[in-house]
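Here is the structure we will look at, set down as structure tokens.
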Amino acid sequence: EAIEALQHALELKPAYPEAHVLLGQIYEEQERWTDAIAEYTKAVDLKMKTAEVYGRLGGAYRHTREYDKALAVYRRALDQEPKNLARRYDLANTLAEMGRDDDAVAEYDKVLAQDKGFYMAHFQKGVMYRKQDKLEPAELEFTAVLTANPDLASAFFELGQVYARMGKPGAA
171 EAIEALQHAL
181 ELKPAYPEAH
191 VLLGQIYEEQ
201 ERWTDAIAEY
211 TKAVDLKMKT
221 AEVYGRLGGA
231 YRHTREYDKA
241 LAVYRRALDQ
251 EPKNLARRYD
261 LANTLAEMGR
271 DDDAVAEYDK
281 VLAQDKGFYM
291 AHFQKGVMYR
301 KQDKLEPAEL
311 EFTAVLTANP
321 DLASAFFELG
331 QVYARMGKPG
341 AA
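Okay, so the sequence shown: first residue is 171 according to the numbering used here, each after it adds one.
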């Protein structure tokens, strides 16, 4: 029903960016990524160039594994709002998904320079370091996560993996 109502609204007024965004969100919920991309792109074309819309568009591109397009969208968002931590974090995660670890770490560091309490940036850096067998840096990152959020089970799990690889079975 919602899709039909929004499509009717767009038939009456095609230049209705908010309707395109809402339709894109509904498509996202249904995991119809190509349709979501089309709607978010229409909203951007209609001058609705907000960090939120760019974030949704970039996320949809990531789901379709169109990483270069996601990077371009996140960079446009950061051109408009250089201090937007959510889009910087999205950019870093996309770089990590692409295997561009050094670039991802640089972006996570920019997030942390703005907000030392953004513990998920520490978490993602720790995961990257663990996968690279850089165990001491990974330990530091997960310790930072647990200082900020001592109830995050996944950080204890990751730290346990690091300690096991370091030969510290009693530390975890």
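Just so you know, even glycine gets a beta-carbon here, dropped at the ideal spot from N, CA and C.
Small disclaimer: the values here were computed from a predicted structure and weren't measured.
Please report the Cβ distance between residue i and residue j, rounded to the nearest whole angstrom; I am assuming they are in contact, meaning their Cβ atoms lie under 8 Å.
i      : j      : result
Tyr244 : Thr264 : 7 Å
Ala325 : Phe312 : 5 Å
Glu198 : Arg232 : Rounded, the Cβ-Cβ distance is 12 Å, inconsistent with contact.
Just the Cα atoms here: how many angstroms apart are residue i and residue j?
i      : j      : result
Ala323 : Lys301 : 19 Å
Ala185 : Glu267 : 35 Å
Thr317 : Gly229 : 29 Å
Asp215 : Glu209 : 10 Å
Val223 : Val275 : 25 Å
Ala247 : Leu241 : 10 Å
Gln250 : Glu306 : 37 Å
Tyr259 : Glu277 : 7 Å
Pro320 : Thr204 : 39 Å
Ile207 : Asn254 : 21 Å
Asp303 : Ala175 : 52 Å
Lys280 : Ala262 : 9 Å
Glu181 : Arg202 : 21 Å
Ala283 : Gly296 : 17 Å
Taking C-alpha atoms, which residue in the options lies nearest to residue i?
i      : options                           : result
Ala189 : Glu199, Glu198 and His178         : His178
Val191 : Gly330, Ala213, Glu311 and Ala308 : Ala213
Arg270 : Tyr210, Pro307 and Met298         : Met298
Ala308 : Met336, Phe288, Asp238 and Lys286 : Met336
Gln379 : Leu182, Ile173 and Lys183         : The displayed coordinates of the chain run from 171 to 342. Any statement about residue 379 would go beyond what the structure contains.
Asp285 : Ala256, Asp272 and Leu310         : Ala256
Gln195 : Glu181, Thr211 and Arg235         : Thr211
Gln293 : Ala283, Leu329 and Lys183         : This sequence places Phe at residue 293; Gln is not what is there. Comparing Cα-Cα distances from Phe293 to each of Ala283, Leu329 and Lys183, the minimum goes to Leu329.
Indicate, with yes or no, if the ligand SAM has a heavy atom lying under 6 Å from the CB of residue i.
i      : result
Glu181 : The ligand SAM is absent from the structure shown, which contains no ligand whatsoever.
When the cut-off is 7 Å and only beta carbons count, does residue i lie next to chain D?
i      : result
Leu255 : Annotation note: the requested chain D is absent from the structure, which comprises a single protein chain.
message: Runs of 4 residues minimum, wholly inside the region 242-285: which ones carry the alpha helix (DSSP H) assignment?
response: 255-267 and 271-284
task: Output the residue ranges of the alpha helix (DSSP H) runs that lie fully inside the region 173-248 and measure 4 residues or longer, sorted by chain position.
output: 187-199, 203-215 and 221-233
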